[in-house]
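Trainee: This structure is in structure tokens; I'll ask about it shortly.
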Amino acid sequence: MQTIQAVTYPVHFHNNSYQELSNLIADKNYSTIFILVDENTFEHCYPKFIPNLSTDKTIEVIEIESGEINKNIETCIGVWNAITELGGDRKSILITLGGGVITDLGGFVASCFKRGIDFVNIPTTLLSMVDASVGGKTGVDLGVLKNQIGLFANPKMVIVDTDYLTTVTDREIKSGTAEIIKYGITYDVKLFNEIKNNKDLNINDLIFRSVEIKNEVVLQDPKEKNLRKILNFGHTLGHAIESFYLESEVKENLTHGEAIAIGMVCECYMSSKLLGFPSDKVTEVKEVILSIYDKTNLLKEDFTAIMDLLKHDKKNVNGQVNFVLLNDFEDYKLDCKVSEELIIESMEFYNS
Ligand code: GLY
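In terms of numbering that gives the first Met the number 0, the sequence shown has 86 at position 87, counting the first letter as 1, and numbering is strictly consecutive.
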């Protein structure tokens, strides 16, 4: 496993990755190195990371609280204040060491600080390895509305070191698996079949192939005008469901992947009704998903709130919800309009 060249930056998978990072720091002569962590990555990942970094520059660690609930502009202000108090300037670099919240928020913080400082992503969860850390999307949530504030900005480098996966829970691994399933369904059915057959799965290969796919898509459509929208498969309804659980004071939050997995089942169902996506494949997707994730009971009385949240999806135009749906595996149709009745029916199908 070597390096995948993204549009302006490398994604390193190899043993010399940290040497590449140390070289980057020396070549660019950064003034201060800021490392953004949360309490978990500070405890479990930072001790693995720091001995690998060879530099005589000043290193400052900034810790934020973990969790999607903290992926907001208030946390960004805290980080900007910390960078300022610690003497950050335009020649500083921010290294994000964490999951999707850290890489998304950190990239956004870096891109706005003094109109932009360099950043490097070191994802520590499966989700951030296969999705969030690559592709140049940065941002934060607005209340419970996911990723409403943000910009496209590319890191200088991404390092994928699967050693960090020993620090995360099975539930986190399953969360990232949903994004791999998404790549399989929309782009490379072989990948979906590997997960389905669940034999001799090599996590390193799955991650490498996922990043390859994401990169192929992003290279063709970096700003999500067309093809990149396929990466939102399952996310339109999935984000609304995720936000609904985030907002609820009584229900336990779903992970991103758990919500997206429900979204994929529902969106396959919508695809079968609107585009003739084969119904045996809807069943297949549902079975694979339910073999990995516990079933969530979506309550009828919650459908209205979920529908309301759906109206805030970033892909909506003129108040119209836009879905990416499938004619078949690897065969998509963008910007599909779906009636409220069918969306509700798809959630009932998931429940059934
Ligand atoms: N996570 C979807 C994308 O990066 O486009």
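A virtual CB, placed ideally from N, CA and C, is assigned to each residue, including glycine.
Bear in mind that the values here come from a model prediction, so they are computed numbers and not experimental data.
Do you know offhand how far Ala177's Cα is from Phe118's?
Mentor: In a straight line, the C-alpha of Ala177 is about 27 Å away from that of Phe118.
Trainee: Between which two residues does the alpha helix (DSSP H) carrying Thr282 extend?
Mentor: That run of the alpha helix (DSSP H) goes 278-291.
Trainee: In whole angstroms, what separates the C-alpha of Val264 from that of Asn321?
Mentor: So the two alpha carbons sit approximately 17 Å from each other.
Trainee: Helix, strand or coil for Pro9, going by three-state DSSP, please let me know.
Mentor: DSSP places Pro9 in strand when its eight states are reduced to three.
Trainee: Determine whether the beta carbon atoms of Gly98 and Glu19 lie at a separation below 9 Å.
Mentor: Not closer than 9 Å, so no.
Trainee: Output needed for Met128: all residues of its chain with C-beta closer than 6 Å, excluding positions within five of it in sequence on either side, in chain order.
Mentor: If we look at Met128 and ignore the five residues flanking it on each side, its Cβ neighbours are Pro122, Val159, Ile206.
Trainee: For Leu297, which of Asp103, Gly149, Asn252 has the nearest alpha-carbon?
Mentor: It is Asn252.
Trainee: Flag this pair as yes or no: are the beta carbons of Gly106 and Thr137 separated by less than 9 Å?
Mentor: Yes.
Trainee: Given a cut-off of 9 Å, decide if Leu325 and Lys332 are closer than it, judged by their beta-carbon atoms.
Mentor: Going by C-beta atoms, Lys332 is nearer than 9 Å to Leu325.
Trainee: Can you determine whether any heavy atom of the ligand GLY sits closer than 8 Å to the C-beta of Gly134, and answer yes or no?
Mentor: Yes.
Trainee: In whole angstroms, give me the CA-to-CA distance for Asn39 and Val281.
Mentor: Roughly 37 Å between the two C-alpha positions.
Trainee: Would you identify the three-state DSSP class for Gly149, choosing helix, strand or coil?
Mentor: Looking at Gly149 - three-state DSSP - the assignment turns out to be strand.
Trainee: Have a look at the DSSP bridge pairing and note the partners of Ile305.
Mentor: Per DSSP, none; premise fails for Ile305.
Trainee: Would you call the CB atoms of Asp130 and Ser209 closer than 9 Å?
Mentor: Yes; because the gap between Cβ atoms is below 9 Å, this pair is in contact.
Trainee: Please go through the same chain and pick out, in chain order, the residues whose beta-carbon is closer than 7 Å to the beta-carbon of Lys56, but skip the five residues on each side of it.
Mentor: Taken in chain order, the residues that qualify are Ile24, Tyr29, Thr31, Ile32.
Trainee: Please report how far the alpha carbon of Asp293 lies from the alpha carbon of Asn350, in whole angstroms.
Mentor: For Asp293 and Asn350, the distance between alpha carbons rounds to 12 Å.
Trainee: When you compare each of Val249, Thr83, Thr185 to Arg227 by their alpha carbons, which one comes out closest?
Mentor: For Arg227, the nearest C-alpha among the options comes from Thr185.
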